[in-house]
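The structure appears below as structure tokens.
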Amino acid sequence: MKNIYSTTLLILFLAADIVSAQWTALNTSFGSDIRALLKVGNSLYAATNGSGIYFSSNADQNWAQKNSGLTNLKVYSLATNGTTIGAGTYGNGVFLSNNNGETWTSTANGINVPYIYALAFMGNNIIAGTGGGGFFRSSNNGSNWTYAGGTTHIVNAIYVTSN
234 MKNIYSTTLL ILFLAADIVS AQWTALNTSF GSDIRALLKV GNSLYAATNG
284 SGIYFSSNAD QNWAQKNSGL TNLKVYSLAT NGTTIGAGTY GNGVFLSNNN
334 GETWTSTANG INVPYIYALA FMGNNIIAGT GGGGFFRSSN NGSNWTYAGG
384 TTHIVNAIYV TSN
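First residue of the sequence shown? That's 234 in the numbering used here, and the numbers climb one at a time after it.
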């Protein structure tokens, strides 16, 4: 029985080593840790904790900052509906871009908890999950936000199954 356990543990350790060996660092010049990744078509967006948003259109080889209009570079969440990209910040609410991140516009009117940990598009609604204030919803592309529940809950992720 000891032999079976030893063999099983050895296989598990070897499998873990093989799986972890497949990861390769692509870039270490972001200046801060990555909080969220978003894929739009063939492009990638990376939200960072202090350096704003980075963009890559060539399979992760080159990254450029896309921070025009952001008043807070601590970006914790990213989401898209295909035409609009949303960014949730730590302290300044939600920002939206309709031009692939070239410029960002603040849309936090009505959100009384400015720490946006999670963001999702659901049909014609944008849902923001906050750090200690529950959920907020906008049904007019971020012009106004209304409280949607969760009172004092910290929302770290939102998963939408359908529109």
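For glycine and all other residues, C-beta sits at the position ideal for the given N, C-alpha and C. As the structure is a prediction and not an experimental result, all values here were calculated from the model.
To the nearest angstrom, how far is the alpha carbon of G366 from that of S290?
Near 35 Å, if we compare the C-alpha coordinates of S290 and G366.
Could you tell me the boundaries of the beta strand (DSSP E) in which I344 lies?
Unbroken run through I344: none, as it is neither H nor E.
From the DSSP output, read off the bridge partner residues of L329.
In DSSP, L329 forms a bridge with G319 and T338.
Does the contact criterion of 3 or more C-beta pairs under 8 Å hold for the segment 292-309 versus the segment 323-341?
Touching, per the Cβ criterion.
Leaving out five residues on either side along the sequence, give the residues of the same chain with a beta carbon under 6 Å from the beta carbon of G383.
G367 and F368.
At what residues does the beta strand (DSSP E) containing Y392 begin and finish?
Run containing Y392: none; DSSP gives neither H nor E here.
Between which two residues does the beta strand (DSSP E) holding S276 run?
First-last of the beta strand (DSSP E) with S276: S276 to T281.
Assign F263 to one of three DSSP states: helix, strand, or coil.
Coil, per DSSP.
Just the C-alpha distance for N314 and G283, rounded to the nearest angstrom, thanks.
Rounded to whole angstroms, N314 to G283 spans 25 Å at the Cα level.
Contact check, N358 vs S376 under 8 Å by CB: the rounded distance?
Rounded, the Cβ-Cβ distance is 12 Å, inconsistent with contact.
Using DSSP with H/G/I as helix, E/B as strand and the rest coil, what is N358?
Here N358 sits in strand by DSSP.
Using the rule of at least 16 other Cβ atoms within 10 Å of the residue's Cβ for burial, across every protein chain shown, is G274 buried or exposed?
Classification of G274: exposed, given that the 10 Å Cβ count is below 16.
Beta-carbon within less than 6 Å of Y348's beta-carbon, same chain only, minus the 5 sequence neighbours each way: which residues are those?
Closer than 6 Å at Cβ, skipping near neighbours: Y323, T363 and G364.
Go through its chain and collect everything with a Cβ distance to F288's Cβ below 6 Å, but skip five positions before and after it.
Within the same chain, F288 has close Cβ partners Y278, A297, K299 and G334.
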